[in-house]
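Report on the structure given below.
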Amino acid sequence: MWLIADGSQTLGRLPVPGSEGPYTVGRHESADVTVTGDKSISRKHLELRVGEDGRTLRLTDLGSKFGTSVDNSKVDPGGTASLVDGASLSLGAKVLTVRHEPLVLCYSGLSKADTEVVQAAAARLVGVSASKEWADGHTSHLVMSKIKLTPKLMLALAHGCPVVAPAWVERVAARKAAAEPLPDPSAVGCSPTDATQPDIPAGCHAVRPERRSLFRGRKLAVLPGGEASSRGHTVSLLSLMGAEVVEADQADAASLSSHVSAGFEFVMPEGVSAESTLADLAAAGGRAFNAGLVRLVLLHASLDHFQPLPTPAPPPAAAAPPAAAKPASKPPAKPPPAPRPAPDPASAAAASAAAAASPAIGGGSGGGGGGGGGQAFLRDMTPVSTRVSPTAAAPTEEAGPAETQIPTPVEAAALPGRARQPGASQRRARRVVVA
1 MWLIADGSQT LGRLPVPGSE GPYTVGRHES ADVTVTGDKS ISRKHLELRV GEDGRTLRLT
61 DLGSKFGTSV DNSKVDPGGT ASLVDGASLS LGAKVLTVRH EPLVLCYSGL SKADTEVVQA
121 AAARLVGVSA SKEWADGHTS HLVMSKIKLT PKLMLALAHG CPVVAPAWVE RVAARKAAAE
181 PLPDPSAVGC SPTDATQPDI PAGCHAVRPE RRSLFRGRKL AVLPGGEASS RGHTVSLLSL
241 MGAEVVEADQ ADAASLSSHV SAGFEFVMPE GVSAESTLAD LAAAGGRAFN AGLVRLVLLH
301 ASLDHFQPLP TPAPPPAAAA PPAAAKPASK PPAKPPPAPR PAPDPASAAA ASAAAAASPA
361 IGGGSGGGGG GGGGQAFLRD MTPVSTRVSP TAAAPTEEAG PAETQIPTPV EAAALPGRAR
421 QPGASQRRAR RVVVA
């Protein structure tokens, strides 16, 4: 779209939808572009014609009284000249400026019906294109029905492009005169509906010139990792907001330290968790920010949300290895049993004599031979453990032999191991009463 301006005032925009031109410029109110206040301008001074692609603009002098000049070059009466963006156009003593501002529309998140509305309206405008692809450096307006957090929205905010609703494009296509201004993007119906997410502020899509200088004077290095497209997107946004941006190829301690020395801060790509990198940065005196914060900066047009990532806590000190356990000391060996003393011959003789002098056992008061045989029999029938000395007190049957204690079943159950029951020979021997 071509603009004819008198200083900061736009006098006309060409072409007019539905009109192929040419468009007249002069002092009379019937001219398509009226220039008042200077009688050196003829009533119909010249005419302008827009090329079919909308990229060219040519003028023809209509025999003006005081002539026409383009960039101080005189145009012959009835002659023609081509105009370019920024050209100076002199009509008599009046100097106007010609500007070329292409209307390049990009739409994002539209329904099929809204997409058709936008494309049909753009088709009625000479030199206006509409596409879902963002043309970096060329897109002039982003068309959305409702604000959504998309990469295109971020680019529009960073570039300072108006974000408009499909109805805005329809109103542009409905203009009837060159002097009619473009509709206000913030007017009712021309602005997209605000988002419902709490982290997207209302009216965030408004053009805020201060966004272009939010990071001015800061150096930021985008660390490696994450998707290449996302990383490149972050680099573009930071650059558009005035930062000096580089892409760090490595994230080792030496490279980080070198960037910190050069005054760089760091941006950590989303989805990348590298505590070792943050620890190296902290050791070098640097700091890093999450790339997702760049969106918040754009949405709020403020650096209040651009806070550095916390420095990871140092790992706990390694615990000292436990002392080796001392081997358990072995219990002292039991001394070997002392050897039994050899029997004293004199004592043995005395014991034999005493046995011979004692009464017979089991043979009544009969002869010594019978008594000796009864005592030998008893000794053979009695278990070794129940044999008693002839001089010991004679136990009764109820008490049992003096050296035998057979636990009761209850007592046996209370012992660590089950007591061994006596055999039949022991039971018979226990009933023998020692006289």
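So for the sequence shown, full-length UniProt numbering puts the first residue at 1; every next one is plus one. Heads up, the beta-carbon is just placed ideally off N, CA and C, and yes, glycines get one too.
At least 8 Å separates the beta-carbon of residue 238 from that of residue 266.
Here DSSP, grouped into helix, strand and coil, assigns residue 295 to helix. Between residue 310 and residue 289, the CB-CB gap reaches or exceeds 8 Å. In this structure, residue 269 places its C-beta atom within 8 Å of the C-beta atom of residue 222. Where residue 26 is concerned, the enclosing beta strand (DSSP E) starts and stops at 23 to 26.
Rounded to the nearest whole angstrom, the C-alpha separation of residue 301 and residue 32 is 40 Å. Take residue 79, set aside five residues on each side of it, and the residues of its chain with a beta-carbon closer than 6 Å to its own are 61, in chain order. Taking a C-beta distance under 8 Å as the contact criterion, residue 142 and residue 161 qualify as a contact pair. For residue 146, the CB contacts under 6 Å within the same chain, skipping 5 residues up- and downstream, are 192, 193 in chain order. With respect to the 8 Å criterion, residue 24 and residue 47 are classified as neighbours on the basis of their beta carbons. Take residue 74, set aside five residues on each side of it, and the residues of its chain with a beta-carbon closer than 7 Å to its own are 67, in chain order. For residue 63, the CB contacts under 7 Å within the same chain, skipping 5 residues up- and downstream, are 77, 78 in chain order. Residue range 57 to 61 is occupied by the beta strand (DSSP E) that includes residue 58.
Put simply, the backbone Cα of residue 52 is about 9 Å away from that of residue 20. Excluding sequence positions up to five before and after residue 43, its CB lies within less than 7 Å of the CB of 26, 27, 28, all in the same chain and listed in chain order. Of the candidates 284, 7, 1, the residue whose Cα lies closest to the Cα of residue 262 is 284. Note that the stretch 245 to 256 does not touch the stretch 205 to 214; fewer than 3 beta-carbon pairs, one per stretch, sit closer than 8 Å. For residue 238, the enclosing alpha helix (DSSP H) stretches over residues 228 to 240. Rounded to whole angstroms, residue 280 and residue 247 show a C-alpha spacing of 18 Å. Bridge pairing for residue 290: 268 [DSSP].
Only residues of its own chain outside the window of five on either side were considered, and among them 106 have a CB closer than 8 Å to the CB of residue 133, listed in chain order. Nearest Cα to residue 30 within the set 179, 245, 56, 249: 179. In the DSSP assignment, residue 52 falls outside any alpha helix (DSSP H), carrying neither H nor E. A Cβ-Cβ separation of about 15 Å leaves residue 298 out of contact with residue 144 under the 8 Å criterion.
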